[in-house]
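Read in order, the letters of the sequence shown are residues 2 to 190 in our numbering. A virtual CB, placed ideally from N, CA and C, is assigned to each residue, including glycine. The structure appears below as C-alpha cells.
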Amino acid sequence: MHLTLHLTARCNLRCRYCYAAPHEGGEMTWETARAAIDFGVKTAGEESLGVIFFGGEPLLKVALMRQVLEYCGRVAAETGQLFHFKVTTNGLLLDEEFLTDGLTSQVFVALSHDGVPAAHDAQRVDGQGRGSFDRLLKVTELLLRYKPYAPAMLVTTPETVGDYAASVKYLFGRGFRYLICSLNYGVEW
Numbered sequence: 002m003h004l005t006l007h008l009t010a011r012c013n014l015r016c017r018y019c020y021a022a023p024h025e026g027g028e029m030t031w032e033t034a035r036a037a038i039d040f041g042v043k044t045a046g047e048e049s050l051g052v053i054f055f056g057g058e059p060l061l062k063v064a065l066m067r068q069v070l071e072y073c074g075r076v077a078a079e080t081g082q083l084f085h086f087k088v089t090t091n092g093l094l095l096d097e098e099f100l101t102d103g104l105t106s107q108v109f110v111a112l113s114h115d116g117v118p119a120a121h122d123a124q125r126v127d128g129q130g131r132g133s134f135d136r137l138l139k140v141t142e143l144l145l146r147y148k149p150y151a152p153a154m155l156v157t158t159p160e161t162v163g164d165y166a167a168s169v170k171y172l173f174g175r176g177f178r179y180l181i182c183s184l185n186y187g188v189e190w
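In C-alpha cells:
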C-alpha cells in the first residue's frame, strides 16, 4: 500500500506545465499527517506501507517530513510495521544533510529534471522566469553520489519534444540509470 502525503501546495519554482498552480495554501499539519499514517497502518495489514512525500515542493516542509519519519520509526518499533519512503523534488533544496542524515537518508529521492538546458529551462523556471538548470548541476552530482539509483523524472512538452533524445542522453551521461519519462498531457499536441 502507498500513502501520498501532499505536504504543501507551495513551490520554489513556477514550472510552466505545473498542474498544481497557483502554489499557495494547502499546508498539511502534523495532526493530519499522523492521522494519515495511522490510517495507513490500519489498512496496510502485513504489507509494507509506502509513504510518499509530495507537493508543491515537499522539501519546503522538511521539518514535517522528519516528524513523520520519527513517528513511523516509533510505530515500526512498537508494531513491526514495515515502511518505505519516497520524495519527488525539484532538487533546489536538496542538500548533503538530507542525503546523509540518519533519519532522512532512508527516503528514496526522485529528481524532477527535464534534461538539456534548452528543454529544462524552457519549462522549469523560478518566479522571475529564470531557468533552474544551472542550479541543479551540483545537486545531481550530490544526489547520485549518495543515491546512485535515484531516478530522474523528465516531462516532455510540445515545445521540448525536439530535445527529447538529447535530454535522455544528457541525463544518462550525468549518471542517471533510471529515467521516468512523461508527456505533458495537459496541453494540445
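Next item on the list: Could you spell out the range, first to last residue, of the beta strand (DSSP E) harbouring H7?
Entry: H3 to T9
Check: Quick one: is G57 buried, meaning 16 or more other Cβ sit within 10 Å of its Cβ, or exposed?
Finding: buried
Item checked: Same chain, Cβ closer than 8 Å to T9, five either side skipped, listed in chain order -> G27, E28, M29, G56, G57, E58, P59, L61 and K62
Next item on the list: Taking 7 Å as the cut-off, decide whether the C-beta atoms of T90 and F99 are in contact.
Entry: no
Notebook entry, point to check: Do S113 and M66 come within 7 Å of each other at the CB atom, strictly closer than that value?
Noted result: no
Next item on the list: Measure the C-alpha to C-alpha separation of G196 and P152 and round it to an integer number of angstroms.
Entry: Look at the range of the chain in this structure, 2 to 190, and you will see that residue 196 is not part of it.
Next item on the list: Let me know the beta strand (DSSP E) ranges lying completely inside the region 15-92, each 3 residues or longer, listed in chain order.
Entry: 50-56 and 84-90
Checklist line | Alpha-carbon spacing of G41 relative to F109, whole angstroms | finding: 19 Å
Next item on the list: Determine the direct distance from the alpha carbon of L6 to that of L95, and round the result to whole angstroms.
Entry: 18 Å
Note to self: Within a Cβ cutoff of 6 Å, which residues of the same chain sit near K148, ignoring the five residues on either side of it in sequence?
What the structure shows: V110
Check: According to the neighbour-count rule (16 or more other Cβ atoms, all chains shown, within 10 Å of its Cβ), is T101 buried or exposed?
Finding: exposed
Check: If you count every other CB in all the chains shown that lies within 10 Å of the CB of D164, and 16 or more means buried, which is it?
Finding: buried
Next item on the list: Could you tell me the boundaries of the beta strand (DSSP E) in which S183 lies?
Entry: Y179 to L184
Check: Going along the chain, which residues of its own chain have a beta-carbon closer than 6 Å to the beta-carbon of Q68, five neighbours each way excluded?
Finding: W31
Check: Closest by CA to R35, which one among L137, L70 and A45?
Finding: L70
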